[in-house]
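One structure is given below, encoded as structure tokens.
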Amino acid sequence: MTHPAPRAALRAAVLVVAGSLLLVGCGGSTGEKPTTKPSVSLPTGDVNVPSGVELTKAGAQLKFGEKATVAYEPNAQRNTVLELTVTSAAQGTIDDLSSYVLDDRTKSSTPYYVNVTVTNVGDGDVGQTPIPLWAVDNANTLIQASSFTNSFSRCPSTALPTTFAPNATLSTCLVFLVPEHGTLTGISFRPLQAVAPIIWSGTVTPAASATPAPTNKKKKKS
Numbered sequence: 001m002t003h004p005a006p007r008a009a010l011r012a013a014v015l016v017v018a019g020s021l022l023l024v025g026c027g028g029s030t031g032e033k034p035t036t037k038p039s040v041s042l043p044t045g046d047v048n049v050p051s052g053v054e055l056t057k058a059g060a061q062l063k064f065g066e067k068a069t070v071a072y073e074p075n076a077q078r079n080t081v082l083e084l085t086v087t088s089a090a091q092g093t094i095d096d097l098s099s100y101v102l103d104d105r106t107k108s109s110t111p112y113y114v115n116v117t118v119t120n121v122g123d124g125d126v127g128q129t130p131i132p133l134w135a136v137d138n139a140n141t142l143i144q145a146s147s148f149t150n151s152f153s154r155c156p157s158t159a160l161p162t163t164f165a166p167n168a169t170l171s172t173c174l175v176f177l178v179p180e181h182g183t184l185t186g187i188s189f190r191p192l193q194a195v196a197p198i199i200w201s202g203t204v205t206p207a208a209s210a211t212p213a214p215t216n217k218k219k220k221k222s
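Residue numbers (the UniProt record's numbering): 1 to 222.
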């Protein structure tokens, strides 16, 4: 099986991100206030929570480096309990993606690189499923992580590995493309819209400033 070239890979990732933004926008475009307050209890569904494991309450406000323990059910066949930790976030520049063909919408976005650690503390295997974290921007929009079918060394932004069984741990980096030069304000875990999200926030490392070009100053004659 051959992998698409980097340009095609990012084009696919952009389509995924645009879809997530469109869905969020449609859900919140009416301006109507919700009739009920979000629940402060995270649903567990069919997830078995091991003895001694305590789930983090919905609506928790966490700092970078703090962990949340959540029930994770990516589909009807698989589920487990995950410990999620957002360790840090850094702003990039669109030039980081200069080797890819970008559409106009993506060109106006700002990439953010978010380092996370995921540990399986439940009893199920959830390999090859997305890490259930979303970015939140200054417009209060949820943004899905981009993905690449080739290697993006700056920030791999991959799903969980093929096997992610109990006690497995993964430290990785997720790419979030915040539209319209927006600002990252937090990282969210929110399995259902009716549930208050768990939010991580903290200091975001700014993008590195470009190195000034050297100037050729003429030496004065003595």
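For each residue, glycine too, the CB sits at the ideal point set by N, CA and C. Predicted model only: the values in this text are computed from it and were never measured.
Going by Cα to Cα distance, which pick from the options is closest to residue i?
i	options	result
K67	V86, Q77, T80, R78	V86
A89	I187, L170, R105, L192	I187
T119	T110, P132, S109	P132
P197	T69, F152, D46, V53	T69
N138	T185, F64, V175, L177	T185
V136	A207, P166, T110, A159	T110
P50	P166, S147, A208	P166
T205	V195, T183, A76	T183
V53	D96, V126, T80, D125	T80
A77	Q61, N48, D103	Here residue 77 is Gln; the residue named in the question, Ala, does not match the sequence. Answer by Cα proximity: N48.
K57	V116, G122, F189	F189
Tell me the DSSP secondary structure of residue i in three-state form.
i	result
P206	coil
T169	strand
T106	helix
I131	coil
D137	strand
L177	strand
L62	strand
V116	strand
S146	strand
Write down the C-beta distance between residue i and residue j rounded to the nearest angstrom, noting that I regard them as a contact closer than 8 Å.
i	j	result
Q91	Y112	6 Å
P161	L170	7 Å
E83	D46	Not confirmed; about 19 Å, so no contact.
T93	A207	5 Å
Locate the beta strand (DSSP E) running through residue i, then write down its first and last residues.
i	result
T85	80-91
A71	67-72
T185	184-189
I94	Element bounds for I94: n/a, residue is neither H nor E.
Are the C-beta atoms of residue i and some chain C residue less than 7 Å apart?
i	result
A68	This model lacks chain C altogether; it includes just one protein chain.
Answer yes if the stretch 145-160 comes into contact with the stretch 169-186, meaning at least three C-beta pairs across the two stretches below 8 Å, and no otherwise.
-> yes
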